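Following: one structure in structure tokens, then a few remarks.
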Amino acid sequence: MIRNGLGGYRFVICACRKGKVRGLVKQHIASYDYFVSTEIKKILRANDKITSDANPSFYLKYLDIRVGMPSSEEGFNQINDKISPHECRLRDMTYSAPISVDIEYTRGSQRVLRNGLVIGKMPVMLRSSKCVLKNKNESELARVQECPYDPGGYFIIRGSEKVVLIQEQLSKNRIMIGRNSKKELQCEVC
1 MIRNGLGGYR FVICACRKGK VRGLVKQHIA SYDYFVSTEI KKILRANDKI
51 TSDANPSFYL KYLDIRVGMP SSEEGFNQIN DKISPHECRL RDMTYSAPIS
101 VDIEYTRGSQ RVLRNGLVIG KMPVMLRSSK CVLKNKNESE LARVQECPYD
151 PGGYFIIRGS EKVVLIQEQL SKNRIMIGRN SKKELQCEVC
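For what it's worth, full-length UniProt numbering labels the leading residue of the sequence shown as 1, then goes sequentially.
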């Protein structure tokens with residue numbers, strides 16, 4: 001048992017170092033990583049081909065999609081410099097990564113392939129697989145001015161830290177059928 005405030009503070013730091021606090025955001029990070037690596041590809045496969053209504057021989061087909069690593073951009077020019085979350089906070093930027101696709105389409109009668117076409121940007125969750133802070137030790141985190149005890153699991157949007165809150169609720173307006181105390185069928189709208 002810890003008896004004084006200083007000992008309590010050391011206990012919190014020790015728990016953070018051992019990864020116990022990280023368990024609170026582990027589900028957030030794992031869910032984001034799964035979406036970026038797997039689910040986004042499933043969404044693309046479900047909607048992979050767009051065919052022209054005027055001429056069915058004209059089409060656009062998505063072959064692959066991927067989310068890159070965070071980088072800075074000036075206007076419409078993508079700069080391949082890695083950007084840190086700290087820099088995004090200071091410059092009121094969004095910590096995001098480019099979404100690029102490989103496509104196949106028809107131009108006239110010929111088939112054209114384009115690889116690495118950037119179609120947008122996605123916010124990057126701190127400490128996820130796409131974050132530059134992933135697997136960094138304390139000295140490397142200090143070099144990029146990040147707290148080694150920050151567990152991550154949030155986004156930086158226009159320089160502000162944003163968290164997606166997960167809530168568990170019962171669904172509303174559902175018909176629930178059951179038996180009452182007299183063993184009779186009973187129907188309720190919840």
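All residues carry an ideal CB built from backbone N, CA and C; glycine is no exception.
Being a predicted model, the structure only gives us computed values, none of them experimental.
Counting C-beta neighbours from all protein chains within 10 Å, is the total for residue i 16 or more, i.e. buried, or is it exposed?
i    : result
R127 : buried
S52  : exposed
C88  : buried
Y62  : buried
F11  : Low local confidence applies: a pLDDT of 45 at F11 is under 50, so the model's placement there is unreliable, with the coordinate-based value given in what follows. It counts as exposed.
Y95  : buried
M176 : exposed
E146 : buried
K183 : exposed
K82  : exposed
K130 : buried
How about residue i and residue j: are their beta carbons less than 8 Å apart?
i    : j   : result
A97  : P70 : yes
I103 : L90 : no
V132 : S84 : yes
DSSP state of residue i, grouped into three classes?
i    : result
V21  : Confidence in V21 is poor, its pLDDT being 48 and thus under 50, which makes the residue's placement unreliable; the coordinate value appears in the next sentence. Three-state DSSP puts V21 in coil, outside helix and strand.
D48  : coil
S57  : coil
G108 : coil
L90  : helix
V36  : helix
K134 : coil
L126 : coil
E168 : coil
I157 : strand
Just confirm the distance between the C-beta atoms of residue i and residue j, as a whole number of angstroms; I'd bet it's less than 8 Å.
i    : j    : result
V67  : I43  : The Cβ separation is near 12 Å, so there is no contact.
L24  : P148 : Not confirmed; about 16 Å, so no contact.
M125 : Y32  : 4 Å
Cβ contact check for the region 102-114 and the region 155-170: 3 or more pairs under 8 Å: Below 8 Å, too few C-beta pairs join the region 102-114 and the region 155-170 to call them touching: fewer than three.
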